[in-house]
Each structure stands twice: as C-alpha cells, then as structure tokens.
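Whatever position you read off the sequence shown (first residue = 1), add 4 for the working numbering.
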Amino acid sequence: IVKHANPCGVALGENLKAAYERAFSTDPESAFGGIIAFNQALDEETARAIVERQFVEVIIAPSVSDGAMAAVREKKNVRLLVCGEWKSESIHRLEFKRVNGGLLVQDADLKLSNELRVVTKRAPTEEEMTDLLFTWRIAKFVKSNAIVYGRERMTIGVGAGQMSRINSARIAGIKAEQAGLQVPGSVMASDAFFPFRDGLDAAAEAGIRAVIQPGGSMRDEEVIAAADEHGIAMVFTGMRHFRH
C-alpha cells in the first residue's frame, strides 16, 4: 500500500487477501486514499475486501479477474490498472531529473546490495535474516531518511522523509504503536548508514533484535560496538539507497 509515493504497509501472505489485510493492518490511517499494488492476479474476494473496508484511489495488479473488476466497479472513482508481468530490471538504466535550464542524468538504483556481511558478534537467525532482507527491499523505495521496522514478512512501522535518521526511527516506532503492533523482537532496515551510535541505542530501547544497513560511516566501529553491547545482530549491505 503506497501513499504519496511512500510504502506505508507491505506484507506477504498465504493468499492475496491475507497479504492485503496484513499490509492494511500495519498503518490503517495512512492507507486511506492510497494506492494498493499486488504482484499476483487480483481476485474477487480480495477486491471486495478492499472496497468494503477503505477508500482507495488506485488498485494495480498484473491481471484482474472478471469478478474483481465487477466488484471494483461498484465503488465510485476507483481506478483499476492492469500492469501485466513486468520484465526483470536491466543491469543499467538512466534516470533524469529536471532542473532550471536542463536535466540531471544519473544511473538508476537497480541493485539491491553489493555483499551481505555480518559485522556483529551475534549473527542473525534464519528468521531474522529473512525479515532483514524483506525490510531492506522496502527501505529502498522509502524516501530518505528511511527506517523500516518489520516482522514475519510484514512492515510494522515505516519512518520516511525525515532530515534526521533517528527521527525516522522514532516515527517508525510511533506507527507501530498506533497500529497496536509490537516492536520488541522485530528487525530494522536503514537506507543509509548510521552516522552515530544513537540509532542503535534507540533501536535497542525499542526492542529491535537485528539491523540491516549499508555501513560506510566514519563511526562504523562505534555503531558496531553499540550493537554488540545490546546483543543486536547487524548486517552491512555495502550499498546505500537514497531516494529523493
């Protein structure tokens, strides 16, 4: 579920309806008037669950069943988009940003990571690593500074677009609390490195058990030491994902 170009709730589920319900539960307030995207064909049961529960601007899926289309048509002003099966990203693509008098050209951010490296005394468990990779993928698409809390393949709090990374972390915690979700035992993804140890101290206070971030700060050793002090497992990816 996306709002103002930021993911506000993302989840995997046993079926499409379960995935939607899990994503919605992470931030029901922000989901109002949002865009809901699926990676599977939209079925009637899921479509009805959406239009009966919330106001939605756009629903997009690779394909749509006839029953789903009929269900969405019953709700006014909902745009239903069929995107088809997207091809895998190419290894190189350019992006363009308009500026006064011309364009800025840059390489698109297509890769997810360079090399995953456990940098703490405690390595993440298999379950934690699965959630770390899940939240890391989402953090890539959240406006910087981006912090994503996650657990069991769903987001539980997203902190987006703050000038201070620690404030993005605080917002992620507030979002989880507002949704009635428990942060202790969750994992955290940060789209860029932590410049100070305060981010890890705040994560520990919230109950975060594992962290994934690019690394590359002048104070990496200080941040790693903070993670070790708190028994937090931490993974470096070697790649930042600033999004503006």
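From the three backbone atoms N, C-alpha and C, an ideal C-beta is built for every residue, glycine too.
In this structure, does DSSP put residue i in helix, strand or coil?
i, result
"ASP113", "coil"
"ALA237", "strand"
"VAL82", "coil"
"PHE72", "A small correction: the amino acid at residue 72 is Ala; Phe does not occupy that position in the sequence shown. Looking at ALA72 - three-state DSSP - the assignment turns out to be helix."
"ALA214", "strand"
"PRO32", "helix"
"GLY38", "strand"
"LEU16", "coil"
"VAL55", "helix"
"GLU61", "strand"
"ARG141", "helix"
"ARG26", "helix"
"VAL136", "The amino acid at residue 136 is misidentified as Val; the sequence shows Leu. DSSP places LEU136 in helix when its eight states are reduced to three."
"LEU120", "coil"
Could you name the residues of the same chain whose beta carbon sits closer than 6 Å to that of residue i, not counting the 5 residues immediately before and after it, in chain order?
i, result
"LYS101", "LEU108"
"ARG157", "LEU16 and PHE138"
"ALA210", "GLY177 and VAL187"
Does the Cβ of residue i have 16 or more other Cβ atoms within 10 Å, making it buried, or fewer, making it exposed?
i, result
"GLN110", "exposed"
"SER194", "buried"
"SER168", "exposed"
"SER148", "buried"
"LYS179", "buried"
"ALA173", "buried"
"LEU204", "buried"
"VAL239", "buried"
"HIS96", "exposed"
Spell out the partners DSSP gives residue i in its beta bridges.
i, result
"SER148", "Partner(s): none; SER148 has no beta bridge."
"SER153", "The residue you asked about is not Ser; residue 153 is Tyr in the sequence shown. Beta-bridge pairing links TYR153 to GLY161 and MET192."
"ARG102", "LEU107"
"LYS7", "ASN10"
If I measure Cβ to Cβ from residue i and keep anything under 8 Å in the same chain, skipping five residues before and after, which residues do I get?
i, result
"GLU132", "VAL191, ARG213, ALA214 and ALA237"
"ALA75", "GLU48, ALA51, ARG52 and VAL55"
"VAL86", "ILE64, ALA65, PRO66, SER67 and VAL68"
"LEU98", "VAL109, GLN110, ASP111 and ALA112"
Comparing the CB of residue i with every heavy atom of the ligand COA, is any distance shorter than 6 Å?
i, result
"ILE212", "For the structure depicted, the ligand COA is absent and the ligand set is empty, with no information on it obtainable."
Closer than 7 Å by C-beta to residue i: which residues in its own chain qualify, once you throw out the five before and the five after it? Chain order, please.
i, result
"SER69", "ALA45, LEU46, ASP47 and GLU48"
"VAL146", "ASN10, PRO11, VAL152, VAL162, ALA164, ASP195 and ARG247"
"PRO218", "ALA196, PHE197, PHE240, THR241, GLY242, MET243 and ARG244"
Could you confirm whether any beta carbon from chain D is found closer than 7 Å to the beta carbon of residue i?
i, result
"PRO11", "No chain D appears in this structure, which consists of one protein chain only."
Worksheet entry | Entirely enclosed alpha helix (DSSP H) segments - the stretch 156-201, minimum 4 residues | 169-182
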